[in-house]
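Peer 1:
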Amino acid sequence: MKQLFFFSLLFFSAISHAQTNLIKNGGFESETLNWNGDAATLSPYYKKTGKNSAVINQFVGAEWKAIDQIINIPKNSYAIEFSVWVKADQVEDGKEAYNAGLMIAEFTNSGGKKIISENIAQVKGTVDWTNYKKTVLVPEKAKQIRIMLALAQINGSIFFDDVNATALSEEEYFKLNPIITIHEGQKTISTPKQFSNGNFEDNLNSWNGAGIISATDKKEGNTAVEITSKTAEWKAIDQIADINNGDKTIEISGWLKAKDIQQGKDPWNNGMFIIEFKKNDTTKASEDQIIGTVTGTTDWTAFKKTFLIPEGAKQYRIMVAMSVCTGTLLADNIEVKLSK
Ligand SMILES: [Ca+2]
Ligand SMILES: [Ca+2]
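In mature numbering (1 follows the signal peptide of the UniProt record, and there is no 0), the protein residues as written are -18 to -1, 1 to 322.
(1) Assuming contact is defined by CB atoms lying nearer than 8 Å, are Ile38 and Ile140 in contact in what I supplied?
(2) Keeping to the same chain, check which residues put their C-beta closer than 8 Å to that of Ser59; ignore five residues upstream and five downstream.
(3) Could you tell me the distance, in whole angstroms, from the CA atom of Gly93 to the CA atom of Lys125?
(4) State yes or no: is the C-beta of Lys30 nearer than 7 Å to some heavy atom of ligand 1?
(5) Looking at the structure shown, is Gln168 part of a helix, part of a strand, or coil, going by DSSP?
(6) Can you tell me where the alpha helix (DSSP H) with Leu158 in it begins and where it stops?
(7) If you reduce the DSSP assignment to three classes, tell me which class Ile162 lands in.
(8) Please classify Phe41: does DSSP put it in a helix, a strand, or coil?
(9) What does the shell around ligand 2 hold, if a residue joins when its beta-carbon is under 7 Å from any heavy atom?
(10) Indicate whether Gly278 and Ala313 have their beta-carbon atoms separated by less than 8 Å.
(11) Beta strand (DSSP E) containing Ile86: first to last residue?
(12) State buried or exposed for Asp110, treating a residue as buried only when at least 16 other CB atoms are found within 10 Å of its CB.
(13) Across which residues does DSSP place Glu258 in a beta bridge pair?
(14) CB of Glu11 to nearest heavy atom of ligand 1: below 7 Å?
(15) Counting along the chain, where does the beta strand (DSSP E) carrying Gln51 start and finish?
(16) Output needed for Glu317: all residues of its chain with C-beta closer than 6 Å, excluding positions within five of it in sequence on either side, in chain order.
(17) What are the boundary residues of the beta strand (DSSP E) that includes Ala197?
(18) Helix, strand or coil for Ser235 per DSSP?
(19) For the beta strand (DSSP E) containing Asn101, name the first residue and the last one.
(20) Just mark Glu154 as buried or exposed, buried being the case when its beta carbon has 16 or more other beta carbons within 10 Å.
(21) In whole angstroms, what is the alpha-carbon distance linking Asn252 and Gly193?
(22) Thinking C-alpha only, which one of Lys260, Asp281 and Phe10 is nearest Leu131?
(23) State the CB to CB distance for the pair Glu215 and Ser196, rounded to an integer number of angstroms; the pair is presumed to be in contact (CB under 8 Å).
(24) Just grab the DSSP bridge partners of Gln126 for me.
(25) On the three-pair Cβ rule with 8 Å, is the segment 99 to 113 touching the segment 60 to 74?
(26) Please identify the residue among Thr23, Asn146 and Gly309 whose C-alpha is closest to the C-alpha of Gly246.
(27) Report the partner residues of Thr112 according to the DSSP bridge assignment.
(28) Quick check: Lys260 and Tyr298, are their CB atoms within less than 8 Å of each other?
(29) Please state the DSSP three-state secondary structure of Lys217.
(30) Quick check on Asp20: does DSSP put it in helix, strand or coil?
(31) What does DSSP give as the partner residue(s) for Leu312 in the beta ladder?
(32) Just checking my contact of Ala134 with Ala82 at CB under 8 Å: how many whole Å lie between their CB atoms?
(33) Give the secondary structure of Asn252 by DSSP, where H, G and I count as helix, E and B as strand, and everything else as coil.
(34) Secondary structure at Gln244, three-state DSSP: helix, strand or coil?
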């Protein structure tokens, strides 16, 4: 009985979390109330819902133009789900990947110091209303989030509407997340995690690491992933998925593109597409296997390889990496096929 009460409490807290948008006036129906800065004006002509959206226009100068709002992170928040509708009109293609229309979520500590900064939306060119969504785990010691809507040192017009941030409790996060552990009585069942979002159409969902979404340069669909490194260091995105019992081979394919990748001091220091087989979280089942590499400047290039699954491998990790080199690596349409 006690336990039942506990679970219904959890359920109640999950529901109440889900209903609250932490952002005030995210739909710009009360003009620009609650937002700081005067970079944005209202657009009654182009809007996703209601009467208005907010637009940031910049025709010359390519300055940083932004509005922001600081929100408090509710106690016991495990993750924050961000969502925004964005429309871009002739946002120029700047020198840097971040020269774009951006929604940024900057997590800060009690002293207002930045802990992490995540791009929720990053849009260039001309794009009709598109919904961008990203769930970010709340870092330790994070107390507030500064939401920024910006044109980041670039000319163009960027429209924002229905800016939303919802706190998720740990229970709710794991309900929504594909890595699910279900407690059934005394028994713990783990649902196999399948590889997903290899075409980067769902932002960086399912991926970890230092990539950003590119809407201007892509092989498939609307978006690809971009990894830029200014210094020769290891910079990568990765995703771990489960191998089902009885699977014998794995076929991995995907597309890579290099932009001015300067090889590091060793021959393998370039843009790489790698698979790692794992026995568990800490033990590898074999050496890392290379699916493809690119260096210099290339067009989109297809790579495909089939591997025998090593003895004892329970998981695999797909990595797209700038391996101690500088430049930009793009990847798109990564597919995985497991066979018995
Ligand atoms: Ca609106
Ligand atoms: Ca894509």
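Heads up, the beta-carbon is just placed ideally off N, CA and C, and yes, glycines get one too.
Peer 2: The relevant details are as follows:
(1) Yes, the pair counts as a contact, with Cβ atoms nearer than the cut-off.
(2) Correct list, in chain order: His(-2), Val120, Ala149, Leu150 and Ser151.
(3) Approximately 9 Å between the Cα atoms of the pair.
(4) For Lys30, the shortest separation between its Cβ and any heavy atom of ligand 1 lies below 7 Å.
(5) Legend: pLDDT at Gln168 = 37, less than 50; position of this residue unreliable, no value from coordinates given.
(6) Counting along the chain, the alpha helix (DSSP H) containing Leu158 begins and ends at Glu152 to Leu158.
(7) Caution applies to Ile162, whose pLDDT of 37 falls short of 50 and renders its modelled position unreliable; the model cannot decide the point.
(8) Here Phe41 sits in coil by DSSP.
(9) Result: Asn181, Phe182, Glu183, Lys200, Lys201, Glu202, Gly203, Asn204, Thr205, Ala206, Asp314 and Asn315.
(10) Not a contact, by the Cβ cut-off of 8 Å.
(11) In this chain, the beta strand (DSSP E) harbouring Ile86 covers Gly83 to Thr90.
(12) Exposed, by the Cβ-count rule.
(13) The partner list for Glu258 (beta bridge, DSSP) reads Arg299.
(14) Inclusion of Glu11 in the 7 Å shell around ligand 1 follows from its C-beta lying nearer than that to a non-hydrogen atom of the ligand.
(15) Unbroken beta strand (DSSP E) run through Gln51: Trp46 to Asn54.
(16) By the criterion of a C-beta distance shorter than 6 Å, Glu317 is surrounded in its chain by Gly180 and Ser235, once the five residues flanking it on both sides are discounted.
(17) From DSSP, Ala197 is part of no beta strand (DSSP E); its letter is neither H nor E.
(18) The answer is strand: DSSP assigns Ser235 an E or B state.
(19) In the DSSP annotation of this structure, the continuous segment of the beta strand (DSSP E) that includes Asn101 starts and ends at Lys96 to Val105.
(20) Buried, by the Cβ-count rule.
(21) A direct Cα-Cα distance of roughly 16 Å separates Asn252 from Gly193.
(22) The candidate whose alpha carbon is nearest that of Leu131 is Phe10.
(23) The pair is not a contact, with the Cβ atoms about 21 Å apart (cut-off 8 Å).
(24) Its beta-bridge partners are Asn54 and Thr90.
(25) Touching, yes.
(26) Closest option to Gly246, Cα to Cα, is Gly309.
(27) Beta bridge pairing from DSSP links Thr112 with Val68.
(28) In this structure, Lys260 sits near Tyr298, with a CB-CB distance shorter than 8 Å.
(29) In the structure shown, Lys217 sits in a strand (DSSP, three-state: E or B).
(30) Here Asp20 sits in coil by DSSP.
(31) Glu208 and Lys239, per the DSSP bridge assignment.
(32) Confirmed, about 6 Å.
(33) Secondary structure of Asn252 (DSSP, three-state): coil.
(34) The DSSP-derived three-state label of Gln244 is strand.
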